[in-house]
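Protein chains in written order, with this note's numbering: chain A, 482 to 767; chain B, -19 to 316.
Below: the structure, in structure tokens.
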């Protein structure tokens, strides 16, 4: 549905600033997706094998230099995109898979269940997400699934809130009342009448969420709670690179950081453009 | 509703919220896989030692009893004893807290300053280069990982220019003689120790600017959109019709009326500020609670980890209560 809508209006899209933003975001994302998918073909070296002298500044053969173990920084930046994408996607999917159904059911049922669950969700929502993720990650330990889970918990309330508030309004619409009147089961009403109407708004939340999840993941691995080394990971590489900045080895921190910025920028511009396009009346959401 | 009643209701309403967070923290730290005793002693510890340790920490009791013991301890301010230093966790936290408070306070000042000025001018010059700059600034800076930005500033101002120290809260022997508040910028001035004050400020600049700039991206957006809204309102047109100067229109009418929503949003960003503070403290080896939490995680000091997170929960709740009260005080319409 969205691709159809976009295809029709590409011309109009380029016309205004949100369209430009959307396209720049899309461009950045495509680059990172290519990087992640074709990492072995793009990266000149293995990211987890010494490939040259240690701490070489950027030069021919190592365009982003090498780190203290002689790993090629460029190759690690390329491969790092895989970790960023996998964790962000898994975390976002888990969060959506829990948050959306909970929001649907609770919003539909309403009453006491609604006040209790909403209060729990609001408490998690107002608590600093990174701190919660740190606590969970500290308990679960390193690893792809563990980190994704820690991040997912933080974003469940985001989906819950978006879905619940919409379900609460939609459920009193005439067509839902009508479905109820002809004896449709709650399950049918939720899946056939309500869900299709609330899903489009979550697409924007989903894509904004991936940006946040990438940022949180980078933060966790910067703090040493992410993926176990030597798996290439931007946040971890940054924290390791920081140890060498006093001797001016800037390339260890500049490049992984730029990768994080560009991918987050890509997702936020993409989702912001998408948001203004899909929900022109909502305006500033964050 | 009177302001006093509002304040009381607001405080009462936050109790279930705090309870929920405490329960979640308990659940995360006790029920999730990852036995704290095993984590502390290592997988090769003999079973007798493990049992003794579990007994000592009360972990052999049923989980529901553990839960109530945990709640009752927190209620009386007993955060347990650190397994790393053998000191009461609360005492350690209170000792670290002023550093975190000082950092977040100055970061907030930086963020508010940038947010209000850039946001207001951007709104006033809607669509002009200033506005475009502000929009690009907020989008870009929002994507900065706070630790990366901190490292960049360390590199530029510490390593390349040698202007500012890159880590710590003060140089050796540059701590205020008498500690009154624990906030070094205030204590050193109270003591009349100007050298210490200068040293403290020099250490404070990079971390607080790092955190402040990253947070300011959201403030710029919020101030801009709220001032835009109030600039198009009738009271602004009326003020202009009365012949008020543009400066007065902008700051006295447009900005002032846009303030309540801006304040609320700034209050809401406090959680983000705290999360940023943890990363900033780690980046700059700033001896606050964030740094404490991360260090103790690496030592597997569970009472300390739990204490630090509970402490953050209380801090966030208190700030959100304060923000609501200030809002209600400024704007009498906000009372329910």
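Ideal placement from N, C-alpha and C gives every residue a C-beta, glycine not left out.
Under the Cβ criterion (8 angstroms, minimum of three pairs), the region 726 to 740 of chain A counts as touching the region 131 to 148 of chain B.
The three-state secondary structure of residue 281/B, taken from DSSP, is coil. A straight-line Cα-Cα distance of about 37 angstroms links residue 3/B and residue 185/B. The region 496 to 510 of chain A makes no contact with the region 546 to 561 of chain A; the number of CB pairs closer than 8 angstroms stays below 3. Contact residues of the region -19 to -3 of chain B toward chain A are -4 and -3 (C-beta to C-beta distance below 8 angstroms).
Proximity of chain B to residue 745/A at the Cβ level (cut-off 9 angstroms) is accounted for by 122, 123, 124 and 125, in chain order.
When the five nearest sequence neighbours on each side are left out, the beta carbons in the same chain lying within less than 8 angstroms of the beta carbon of residue 701/A are those of 611, 614, 615, 618, 628, 631, 632, 707 and 716, in order along the chain.
Residue burial annotation: residue 310/B is exposed, with fewer than 16 other C-beta atoms found within 10 angstroms of its C-beta. Residue contact with chain B for residue 626/A: absent (no Cβ-Cβ distance below 9 angstroms to any residue of chain B).
At a C-beta separation below 9 angstroms, residue 607/A has these neighbours in chain B: -3, 1, 248, 251, 296, 297 and 300. Contact of residue 754/A with chain B by beta-carbon distance below 7 angstroms is absent, the smallest such distance being about 11 angstroms. The beta-carbon of residue 729/A is placed less than 9 angstroms from the nearest beta-carbon of chain B. Taken in chain order, no unbroken stretch of beta strand (DSSP E) lies wholly in the region 73 to 129 of chain B with a span of 3 residues or more. Those residues of the region 561 to 586 of chain A placed with their C-beta closer than 7 angstroms to a C-beta in chain B do not exist. Our two residues, residue 759/A and residue 90/B, have alpha carbons roughly 35 angstroms apart in a direct line.
The three-state secondary structure of residue 603/A, taken from DSSP, is helix. Across the structure, residue 676/A and residue 692/A are spaced so that their CA atoms are roughly 24 angstroms apart.
As for any alpha helix (DSSP H) of minimum length 4 sitting wholly inside the region 144 to 181 of chain B, the runs are 164 to 171, ordered along the chain. Residue 75/B is a Cβ neighbour of residue 162/B, given a cutoff of 9 angstroms.
Each residue's CA atom was taken as its position, placing residue 626/A and residue 564/A some 11 angstroms apart. In this structure, residue 33/B sits away from residue 51/B, with a CB-CB distance that is not shorter than 9 angstroms.
Per DSSP, the continuous alpha helix (DSSP H) segment holding residue 693/A begins and ends at 676 to 703.
Here residue 307/B is near residue 243/B, since their CB atoms are less than 9 angstroms apart. The three-state secondary structure of residue 68/B, taken from DSSP, is strand.
Between residue 110/B and residue 101/B, the gap from beta carbon to beta carbon is short of 9 angstroms. In the three-state reduction of the DSSP assignment, residue 142/B falls in the coil class. Straight-line measurement puts the Cα of residue 570/A at about 18 angstroms from the Cα of residue 641/A. Below the 8 angstroms Cβ cutoff, chain B contributes no neighbours of residue 629/A, its closest Cβ being approximately 15 angstroms away. With a threshold of 16 other beta carbon atoms within 10 Å, residue 217/B falls short and is exposed.
Of the candidates 645/A, 634/A and 744/A, 645/A places its Cα closest to the Cα of residue 584/A.
Not one beta carbon of chain A lies nearer than 9 angstroms to the beta carbon of residue 77/B.
With contacts defined by Cβ atoms closer than 9 angstroms, residue 210/B and residue 234/B form a contacting pair.
Residues of chain B whose Cβ lies closer than 9 angstroms to the Cβ of residue 511/A do not exist; the shortest such Cβ separation is about 17 angstroms. What residue 259/B touches in chain A, judged by beta-carbon distance under 9 angstroms, is 611, 700, 703 and 704, going in chain order.
When the Cα atoms are used, residue 573/A and residue 685/A turn out to be separated by approximately 12 angstroms. Taking a C-beta distance under 9 angstroms as the contact criterion, residue 283/B and residue 63/B qualify as a contact pair.
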